[in-house]
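When we follow the numbering used here, the leftmost residue of the sequence shown carries the number 1448, and every step to the right adds one. Step one of this worksheet: look at the structure below.
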Amino acid sequence: METGKRMMSGGLLAGILGGTLLAAGLTLSPAAHADEKVDAARAAITLSATLTPEEYEKRAEDVIGPEKFDNNCASCHALEAEAWQQTTHYATFQTRHRTDEAEKILKAMGQRSMKRAGECMHCHYTSVLQRGKATPTWGVSCESCHSPAKNWVNIHNKVGGVASGETLKWGKGKDEAPDARAKRIGAAEAAGMIHAGMIYDIARNCFSCHTVPNEEIVNKGGHKAGSDFDLVAWSQGQVRHNFVTSPGAPDNATNEPVSTERRRLYYVVGALVDYETTLRNLSNVKEKGGAFHKAMVERANKVRDRLDAIAGKVDLGDLKAAIEAAPKPMTEDTAVSADLADKLGAASKKFSQMHDGSKLAGVDPLIPTEVKGDVYNKK
Ligand code: HEC
Ligand code: HEC
Ligand code: HEC
Ligand code: HEC
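Encoded structure:
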């Protein structure tokens, strides 16, 4: 098995700087992965699509925001924020509620405002608590993917143990010793951060929104039943914001693609989490034969074909049994238990921590080369 080290982005980066950068602290020791208890706590707060209104309010309390409020992400991560401002995730707050499609869904749901309806807020907006209420303030933002930051923001940025502040900008981590980095990022993870090394957890967030697990808004509201989503294609276009690890950071940072190794891991883990999430969605179906149920059955069969193709190219170890435990092909009469999803999830997470992608070259021909949207780079 491979080690749990994080491969940093950019083949170019690896080429130019090779071992120097890795030695300079861009690895994560397996010890940095939080224990199961922390996992459970985090799982409870991070998948915003499936929160109750009370949990969503609790989450809003921990949100700092990409911009506007004190200590916001953009105050240190200016380039990441600029990249985010070009995305559909950003635009959804500005424009989506004004469209005819939104009107149609709202009408069918008996709702009037997308920014007031809990059913929509969870996925389309990041909210902060204002006057005791979760108030939509941005589209899908930094903390939708990296998790609400109140408890980790002042831990993750202490490069060299220096207290956070305006002067401590990104890019500083290049001079940090490996142990110090592992300790810093490990502490942030324990406080709830989903950092770039946690591919499985990031993917869970993407798919929790992008499979649209809310049966009612699909069946009754006519909302799309999920996105045709591939983790590589969808994360490496408009969503990409790999500035910290770029060779010229911090002064001449560029937006680097993920490394070849990491792209493989994204591809495999993305398909695994897609399957896990879809199986879980199927286990929760209430209206048999409804639009949601039909879409999830189709999704499950499609992603299973992809996983079988992957299993034909690389050794998936224990994962193979966890995948094959799910029935294939499925129909609307197939019973799916949540246990299948839980077991696959546990095996997938382990897999994502054991691999850095160097042993997964077999999947290269399967990985999509087209990305979703334009990559942002400062002109
Ligand atoms: C579980 C997450 C989730 C919830 C809840 C949700 N959406 Fe969406 N919505 C999405 C995703 C993901 C997309 C993008 C789908 C795609 O890939 O095109 C989307 C797209 C849309 C679109 C664009 C559709 C199109 O045809 O391009 C509209 C309009 C929309 N949502 C309205 C709403 C409204 C209104 C609500 C509340 C009643 C809502 N959404 C609730 C996740 C969600
Ligand atoms: C749609 C989900 C999503 C959103 C929104 C998002 N991120 Fe990320 N972020 C990711 C993913 C995925 C990675 C890992 C990329 C990789 O490994 O190359 C990442 C990586 C990063 C990194 C490390 C980059 C590097 O060079 O290694 C930083 C810093 C970061 N994000 C900050 C932010 C900030 C600040 C915002 C908001 C302005 C933001 N992110 C919004 C998903 C997201
Ligand atoms: C006071 C400055 C500051 C603020 C505010 C800040 N960051 Fe950071 N962030 C940093 C520094 C410094 C690093 C380390 C950069 C490095 O390693 O070179 C970092 C690193 C990161 C990383 C990469 C960690 C990794 O290795 O995966 C992510 C992701 C990230 N920040 C997200 C955020 C998000 C989201 C917010 C807002 C909630 C935020 N940051 C707010 C300074 C800040
Ligand atoms: C909190 C929910 C949520 C999370 C988490 C999330 N997304 Fe999204 N995403 C959405 C919604 C909602 C839309 C559609 C917005 C609209 O059209 O109004 C969207 C749209 C997109 C689009 C634009 C698609 C298009 O057709 O233009 C991309 C690309 C994307 N997401 C990638 C990702 C990736 C990659 C991740 C994880 C790293 C992710 N998303 C995580 C909710 C989410």
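We treat Cβ as the ideally placed atom computed from N, Cα and C, and that holds for glycine.
* Can you give the Cα-Cα distance for K1667 and R1687, rounded to whole angstroms? -> Counted from its first residue, the sequence shown places residue 1667 at position 220. Counted from its first residue, the sequence shown places residue 1687 at position 240. For K1667 and R1687, the distance between alpha carbons rounds to 34 angstroms.
* **contact_flag[the stretch 1500-1512, the stretch 1544-1558] where n(CB pairs < 8 angstroms) is 3 or more** => no
* Asked: When the Cα atoms are used, what is the spatial distance from A1596 to E1590?
  -> For the purposes of this step, residue 1596 is taken as the residue at position 149 of the sequence shown. For the purposes of this step, residue 1590 is taken as the residue at position 143 of the sequence shown. Each residue's Cα considered, the two are about 7 angstroms apart.
* In this structure, does DSSP put V1827 in helix, strand or coil? -> No answer is possible for residue 1827: it lies beyond the span of the chain, which begins at 1448 and ends at 1826.
* Give the straight-line distance between the Cα atoms of L1678 and P1694, rounded to the nearest whole angstrom. => If you number the sequence shown from 1, residue 1678 lands on position 231. If you number the sequence shown from 1, residue 1694 lands on position 247. Using only the alpha carbons, I get a separation of about 24 angstroms.
* Rounded straight-line distance, which links the Cα of A1794 to that of G1579 -> Counting from one through the sequence shown, the residue named residue 1579 turns up at place 132. Counting from one through the sequence shown, the residue named residue 1794 turns up at place 347. Rounded to the nearest angstrom, the two C-alpha atoms are 40 angstroms apart.
* Please classify L1813: does DSSP put it in a helix, a strand, or coil? => As a working mapping, residue 1813 is identified with position 366 in the sequence shown. The answer is helix: DSSP assigns L1813 an H, G or I state.
* Asked: So what's S1682 in DSSP terms, helix, strand or just coil?
  -> The sequence position of residue 1682 within the sequence shown is 235, counting from 1. It is helical.
* When DSSP builds the beta bridges, which residues end up paired with S1574? -> Working through the sequence shown from its first residue, we reach residue 1574 at position 127. S1574 pairs with P1583.
* What first and last residue would you give for the alpha helix (DSSP H) that runs through S1799? -> Along the sequence shown, one-based indexing puts residue 1799 at 352. That run of the alpha helix (DSSP H) goes 1785-1801.
* **Minimum C-alpha distance to D1803 - residue among I1814, S1706, R1727** => The residue labelled residue 1803 in the question sits at position 356 within the sequence shown. D1803 has its Cα closest to that of S1706, out of I1814, S1706, R1727.
* Selection from C1592, A1782, V1609 that minimises the alpha carbon distance to I1646 -> Along the sequence shown, read from residue 1 onward, the residue named residue 1646 stands at position 199. Closest by alpha carbon: C1592.
* Asked: Any chance the CB of A1584 is under 7 angstroms from a heavy atom of ligand 2?
  -> For the purposes of this step, residue 1584 is taken as the residue at position 137 of the sequence shown. Correcting the residue type first, residue 1584 is Thr in the shown sequence and not Ala. For ligand 2, not one heavy atom lies less than 7 angstroms from the Cβ of T1584.
* Asked: Start and end of the alpha helix (DSSP H) containing V1705?
  -> Residue numbering aside, residue 1705 sits at position 258 when the sequence shown is read from its first letter. Counting along the chain, V1705 falls outside any alpha helix (DSSP H), and DSSP gives it neither H nor E.
* Identify, in the order they occur along the chain, each residue of the same chain with its Cβ nearer than 7 angstroms to the Cβ of M1777, setting aside the five sequence neighbours on each side. => For the purposes of this step, residue 1777 is taken as the residue at position 330 of the sequence shown. So the qualifying residues of the chain are V1744, A1747, N1748.
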